[in-house]
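Numbering-wise, our numbering puts 54 at position 54 of the sequence shown, and it's gapless, one number per residue. Each remark here refers to the structure printed beneath this line.
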Amino acid sequence: MFGYRTSVVNSTPDLFTDWVDVTELRKQVVLRTQEDQQRQKQRFDAHRSNSTVFAIGDLVLLKISSIVGSGNSRKLLLKWKGPFQINKVLGADRYEVGDILGSTRSRIPYKGTYAVEHLKPWLLLEE
Numbered sequence: 001m002f003g004y005r006t007s008v009v010n011s012t013p014d015l016f017t018d019w020v021d022v023t024e025l026r027k028q029v030v031l032r033t034q035e036d037q038q039r040q041k042q043r044f045d046a047h048r049s050n051s052t053v054f055a056i057g058d059l060v061l062l063k064i065s066s067i068v069g070s071g072n073s074r075k076l077l078l079k080w081k082g083p084f085q086i087n088k089v090l091g092a093d094r095y096e097v098g099d100i101l102g103s104t105r106s107r108i109p110y111k112g113t114y115a116v117e118h119l120k121p122w123l124l125l126e127e
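Dropping the structure here:
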């Protein structure tokens with residue numbers, strides 16, 4: 001320690017006779033790590049569910065993510081807008097969404113790409 005040799009090993013030789021097999025210790029560490037990873041994966045997966053799958057032509061609502069602050073309370077503002085129609089399935093839980101044919105929201109038809117967590121199915125109430 002600090003550049004000096006200590007005399008602990010020389011004064012207590014009987015304490016250092018049990019040598020640890022490092023390769024066996026490493027195998028045990030790898031095994032325990034794999035067991036812990038499996039246990040953590042099971043715990044993580046227990047709280048997850050599969051995402052909603054939409055088909056072309058389904059009606060969905062879009063989550064409004066950015067509302068410009070105007071100084072007014074946003075508590076009662078809408079959190080979803082729509083309905084919109086799924087135009088294309090892009091994979092990796094992404095969808096191309098556009099205006100419903102025949103609807104006139106604005107001059108230019110809307111078209112955008114959204115992840116499934118920003119979409120919600122539009123439910124039609126049957127009479």
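Built from N, CA and C at the ideal position, the CB exists for glycine as well. Note that the coordinates shown come from a computational prediction; the quantities given were computed from them, not determined experimentally.
For Arg74, the three-state secondary structure derived from DSSP is coil.
Contact between Lys111 and Val60 does not hold, since their C-beta atoms are separated by about 14 angstroms, which reaches or exceeds 8 angstroms. Distance from Phe84 to Gly98 at the Cβ level is roughly 6 angstroms; contact confirmed, criterion being Cβ atoms closer than 8 angstroms. Taking Asp93 as the centre and dropping the five residues before and after it, the same chain places the C-beta of Ser51, Ala115 and Val116 closer than 7 angstroms to its C-beta, in chain order. Checking the DSSP bridge columns, you'll see Phe84 partnered with Val60. Nearest to His118 by C-alpha distance, out of Gly57, Ser73, Glu96 and Ile56, is Glu96.
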